[in-house]
Amino acid sequence: MESWSAYVERLEQFFEANDIGAEKHVPTLISCMGPTTYGLLRNLVQPDVLKGKTYKDIVDVLRKHLEPKPLIIAERFRFNHCSQKADETVTSYAAELKQCAVHCEFGASLDEALRDRLVSGIRNEACQRRLLSEANLTFARAFELALNMETAEKDAHQLRKQDSHGEPVHKVEARPFNSTERKCYRCNVPLEAASIKLKTYTGEVMPVLGQFEATVSYKQQTEQLPVIVVKGSGPALCGRNWLKKITLDWKEIKHISEMHQPKSIEEVLELHSEVFKAELGTLRGITAKILVNPDISPKFCKSRPLPFAMKARVDAELDRLEKAGIISPVKHSEWAVPVVPVVKKDNSIRLCGDYKITVNQATTTETYPLPRIEELMSTLSGGKLFSKLDLASAYQQVLLEEDSKKLLTVNTHRGLFVYNRLAFGVSSAPAIFQRIMENLMKDLDVVVYLDDLLITGKTEQDHLQKLQAVLQRLQESGLRVKKAKCEFGKKQIEYLGHVLNSQGIHPSPGKVKAIKEAPAPSCVKELRAFLGLVNYYGRFVPNQSTVLAPLYRLLKDQVEWEWKRPEQGAFDKCKELLISDKVLVHYDPDLPLTLACDSSAYGIGAVIQHEMPSGKKRPIAYASRTLAPAEKKYSQIEKEGLSLIFGVKKFHQYLWGRKFKLVTDHKPLLTLFGEHKSLPTMAAARIQRWAIILSAYDYSIEYCASEKHSNADGLSRVPLPDTGDAGTTAISESIHALLTAHLEQAPLNADQVARTSRTDNVLSKVLRYVMTGWPNDVDQSLKAFHTRKCELSVERGCVLWGTRVVLPEKLRKTVLKELHSGHQGVVKMKALARKYVWWPKIDSDVEQICKVCESCQMEQRMPRQVPLQPWEFPGQSWRRLHIDFAGPFLGHTFMIVVDAYSKWLEVFRMPSLTLQATITRLRRLFAAYGLPEHVVTDNGTQFTSEEFKNFMRQNGILHSTSAPGHPASNGLAERYVQTFKSGMKKLGQTTMDIEDKISVFLMQNRCTPNCTTGQSPADLFLNRHMRTRLDLIVPDTAVTVRKKQYMQKFYHDQRAVNRSFTLDDPVYLQNTAGGREKWIPGVIAEQTGPVSYKVQGTDSDGTYRRHGDQLRARVPTDGLDLNTDCTTTGPDVIQDDNPAQNAKPVQMDNAEMQAVQD
C-alpha cells in the first residue's frame, strides 16, 4: 500500500505536469480521494468544515493521522535488525537501509550508521571481508565495492556459461517454451510439473518450467532420461543421473587439437575479418542495466520543433535506426527526452537524447575503477610491439535490459521511441561498459580502457598470439572494431599522455607542446596573459621574481616595447619551468580532475590539472591552438564554447568515463552547458552540437572570474599555430547553407541583411555585443536581445536566433508583405515566420498586418457569438406572443403564433402573405383570446410596414422585431416553425387533409408537457386539464363504485337465503324494542324496497318497518290455540312515516360484470 507522503509527492507532480494552479489544489485533491478517505478527512476536521481549509491544512491533517511520528527507539531497533535477504541485490538492500533510517534521526552520524549496517548485514562473506579490510570506509565506498563485487560475480558466471563448449554427445538442446500451453515449442512435447528446485553457483534461483522423458542416444547407447526445462538461454547441461546411465568417451572429449599459429598481422586480421565488419555489433549474453534511484519520479519532456530543412534527414535517420533495431516505437512512456539532431562532418545527421535533464539526474551512477598508470606499466612493461583496438560505436553494441529501455525513451516529431541499446549521453554508460569489458577480457593479457584495448608482446610471435586471442574473444562475443582507428604492431604508441615503447613508459611531448612551442608575445597584452599563466603556477616555480624580471620591465608605462635577447631568455626559462617535474604532475585516477578552458580573439587554450590533497592545483598537460578564419567570426559565447569542446576532445582519454570539473570564465556557458540543465531550444546549431558532445561526459561546470583564470587565458593568447578541428569549416558551411536556404526563399539575401544590420541603430549594437560580450545593463531597446544573449550567434554578418534570421527594422515591412502574400491567417503567418525570421514583437506585427488587410477583413468569418440574452419570462399567459411565417411548405404558407408563457401554439393556413391578410388573421386571434401586451416578429415586410405599426399602436401592443439576418432573436417562433414542419412531415404518410393534420398536430402539442415549463401548454393557458381520447382509458368514479357494490353483494349472497314476501303474507318480525318476546307476529302490509317491508302487527294497530333479514315466514294456526297459558304483550310501536322510495337493486352491464370478474 502506498504511503501518504508518496501519494502527496505524486499528486504535486501531477499539479506541475498539468499546470494546475494553487487555487485548484484543494478541489483536485478531494476529487481524487476515495469515499473512505474523504469520510475520514471530514471526521478529522470536525467541528470545522472543509470549505475553509487550505491545501496545506488538509495534507497536514491527514499526515498526522496516517503517518504519526514513530518512536525513535523502535525505528532504530528495526534498522539494526535489517539484513540482506537471500534473493535481495545490494542495490535493493541499500535502498531498504535508507528507508529504515528515515525516522531514526541519526543526524550527522547517518553515513556511519548506514555503513555499519551494510557491512554487518550483507550476506556475501567474501564481500564482507573485503569491506572490513578497507580503511576510511564510507557508506558510498562500501556500497560501490559491494555492488561491483556482486556485478562482477554475476557477469563472470554468465561468461563461464558462454565460454563452455558442448561435448560431442547427442545432447538435447534447450528449446523455447510456451508457458501458456505448457508444451515444448519445437517438438510439441507436453511438460509435466517438476518439483525440483535449481540454483546457480551464485545462489540465483532458476525458474523450472517443467520436465519430460526423452530418448537419448550416444554411440550405440539408448536410454530414457528425464529432461528438466528451465527459463532462459545457455547450453544444455548433463547431470550426474545422465552420466550414470551413459558412458562417455572422455579421451575424445579431452583431446586437445593443435592451434594454427598465425605468421603475420595481416593473417590475424584476415582470420578475424568478421570483427571489422561495418555493421553494428551486438554483445552476446550480457545486457546492461541502468540503476535508477526509486525515490526520483519519472520526467517526461515534449519534443522540440525541428528546423524545416532537417525534417527529411531526421525521418531518414529514424527509419535507419528502427530498421537496424537500435530503436523501437512505443505508444507510452513515463520517461522521455527531446531528440536533438546534430550535423556531422559529412553533413549526415546523428540523433541524440538530452539525457542530462532526465535519466542522468535519477541514475545511481556506477563508478567502476579505471586502470591506473601503474597498472599500465605492469601489464605493458617489457613489450616490444604494441597494438591498439578501438571499438566501433562501443555503447550501442550493448543491449539493454527490458526495464532499462523505457528510461532512454526519446520524443520525436513522429512520437516516442525507446533505445534497445546503451545510448550515447547516459552518465553511467562508461562505468557499465568498463565493467563489461574487463569481465570479458579478465583472463587475457590486455589493458582495457573503456572502448580502447591495448595489447603488447615481448616478441613478434607473442604479440601475434595475444592479438589473436583478443580478436577471437571479440568475435565470439559479437563485438565490432573500427579498423580505421586501430593501430597494429607499432614499436611506439601514445596513450593517456604517455608514450609506450620498448624502453618503457614516458611522458608524451604533446602534453607540453602548447608551452614548449608557444610563440613569443608580440605586445603588452599578450605578455600580461603569459605572465598570468606563469603566476598561476608560480608557487611551484623557484626564483620566480628573478627569472621574470626582464619581462615585468616591459609592463612599465615608461618603458617602450622592445623584445631582445634578455626577454627571450626569460621567456624560454619560464617555459622550461612550466613543463618541468616541479610543476607538471602525472595523471592519477584517484585525484580530482579539473579542465580549465578559455578563448581570446585569435586562439583557444585548455589546461587539465589535478587538485592535490593540499588543495593546490598542478597541471597534467597543456593545449592551445589558433582559431581558423571562420572561427574568428564566431560570437564571444561561441568562442568560449569552442574552447570547452577543444579541451574535452584534446584530453578525451583523461576525461572519458570519470567525473571532472569544467571551469570557464564566461558565465552564460553555465546556462547552456549546465550538467542538469536542458539546452535552450533556440540555441545556435553549433551550440546544440557541442552540448550533445558534452552530454557524453560526467562533469560539473563552474564559473571562475577572469583574474583567477589566468592559466587557460594565457594559453589562449599565445596559441600554437594550429587550427586543429577540421570539422569546424564543414559545420560552418552547413550553417551558411541553411542561412542561404532561408533567405533565398525571402525577397532578400544574406548580403542585404548584413549590410542593413550594420547600419541599424539596434542591431549594430547587438552585433558588437554578440561578438565581444554583453554588458550587465543595456538600453530598453536591447532588452529583448539581452534575454536571448545565450541563443544569439552571427553568420556572414547576420544575427541569428537559433536558425532564424534577426531582421533590422528597415527590412521588416518587406518580409511582412512577403509572409502575407498568400493572405494566410495570423496562425499560419506566425508558423511560417518562425521557420525563417525573428525580431522583437514580431507576433504583434503579424497580427497588425492581418488586421489592416482589407481583403482579409472582407473575407473574415462570423465572430464568436456574444453571451446569450434570454427573453424575460412573462408573468402570465398571452402577455407576449412570438409570430413567424412557415413556408411555402406543403404548398401553403402558415402563420405560427406562440405564447411565451404557456407555449400555447396557434397555426393558421394563410391565403396570402399580404399585410391585410396578416392583420385580419390577428384580429380574429385577438378576438378569441384578447389583446397581448407584447408581440415579437422578424423583419418581414408585413411587420415592418407603417400600417402594421399603426395596428399595433392602436391596440396598445408593444411591437419588437429581431435584428436583420439574426433569426435567433425570435428563437421561440423559429423553433416552433421547425417543430411544426417536422410534425407535419411525419403526418404526411396519412390520408388526412391538411386541416385535419394541423388539428392532430395542435392537439398533441397542446396536451404534451413542455420540457421548459414542465407542464402542458393547455394546463397553463386554459388553466384546466384538456380532455383527449387518452382520457377514455382512465376509469371514472361511478363505475368504480358500482364495481365495489357488486363485489360486496357477490360475497354476501354466497351465504344468504333468498326470501321474498307478498302482500298479506303472515310473518314474524324481529322485536327491536326489547322485551321478553324475540319475535312478533304480523302481516305484510307493503313492500317499500327490494328487501324492505312495512308490517302490520296482529296484536296492535301499529305498523313496523323491517329489512328482509329481520322477517321470517309464519304459518297461521287456523284457530288452534297452542299457547293458551301464555300472554303476549306487544312492545311500544314506532310509526315510520317515511318509507324508502324508488330503491333499486344494483344493476351492472356486461362490460362492468366482466371487469369485476377479471
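In UniProt numbering, the protein residues as written are 1 to 1158.
All C-beta atoms, glycine included, are put in the ideal place defined by N, C-alpha and C.
Supposed close pair residue i, residue j - CB separation, criterion 8 Å
i, j, result
"L890", "I994", "7 Å"
"D713", "D598", "5 Å"
"A900", "R880", "4 Å"
"L474", "V275", "5 Å"
"C104", "R141", "Actually they do not touch by this definition, with Cβ atoms about 21 Å apart."
"K667", "A623", "In fact, because the Cβ distance is near 23 Å, the residues do not count as touching under 8 Å."
"A101", "A113", "7 Å"
"A214", "N293", "Not confirmed; about 47 Å, so no contact."
Whether residue i touches residue j by CB criterion (8 Å)
i, j, result
"L972", "E933", "no"
"L627", "L644", "no"
"K903", "T1012", "yes"
"residue 1233", "V205", "With the chain running from 1 to 1158 in the structure shown, residue 1233 is simply not present."
"R130", "L145", "yes"
"I637", "S716", "no"
"P290", "V359", "Per the sequence shown, the amino acid found at residue 290 is Ile instead of Pro. Result yes, Cβ atoms of I290 and V359 sit closer than 8 Å."
"V418", "I327", "yes"
"L782", "K765", "yes"
"V753", "L811", "yes"
"T247", "Q221", "yes"
"V1000", "I896", "no"
Status (buried if at least 16 other CB within 10 Å, exposed otherwise) for residue i
i, result
"A6", "exposed"
"R175", "A caution first: R175 carries a pLDDT of 41, below 50, which makes its placement in the model unreliable, though a value can still be read off. R175 is exposed by the Cβ-count criterion."
"V907", "buried"
"E173", "Residue confidence for E173 is low, a pLDDT of 43 falling below 50, so the modelled location carries little weight and cannot support an answer."
"R10", "exposed"
"I296", "exposed"
"K323", "exposed"
"T803", "buried"
"R421", "buried"
"E58", "A small fix is needed here, since residue 58 is Ile in this sequence, not Glu. Label assigned to I58: buried."
"H742", "Caution is warranted here: a pLDDT of 45 is assigned to H742, below 50, making its placement in the model unreliable, and no coordinate value can be reported."
"T1062", "exposed"
"E2", "exposed"
"L739", "A caution first: L739 carries a pLDDT of 44, below 50, which makes its placement in the model too unreliable to give a value."
"M437", "buried"
"G641", "buried"
"N148", "buried"
"I72", "exposed"
"F14", "exposed"
"P521", "buried"
"H170", "The predicted position of H170 is uncertain, since its pLDDT is 41 and thus under 50; a value taken from the coordinates is nonetheless stated next. Answer is exposed; the Cβ neighbour count stays below 16."
"D354", "buried"
Host beta strand (DSSP E) of residue i (start-end)
i, result
"M612", "Premise fails: M612 is in no beta strand (DSSP E) and is neither H nor E."
"A1085", "W1079 to Q1087"
"W4", "From DSSP, W4 is part of no beta strand (DSSP E) but of the alpha helix (DSSP H) over W4 to A17."
"H498", "H498 to N501"
"Y93", "Where Y93 is concerned, there is no enclosing beta strand (DSSP E), although the alpha helix (DSSP H) it sits in stretches over V90 to C100."
Continuous alpha helix (DSSP H) stretch holding residue i: start and end
i, result
"D665", "Careful: D665 lies outside any alpha helix (DSSP H) and carries neither H nor E."
"E125", "E125 to L132"
"C1007", "I994 to C1007"
"N241", "R240 to K245"
"K231", "Careful: K231 lies outside any alpha helix (DSSP H) and carries neither H nor E."
"E317", "K311 to K323"
"F646", "Q636 to K650"
Strand pairing of residue i, partner residues [DSSP]
i, result
"Q224", "T215"
"T594", "Q609 and K661"
"S599", "I604"
"K197", "In the DSSP output, where bridge partners are listed per residue, K197 has none listed."
"N411", "P338 and L416"
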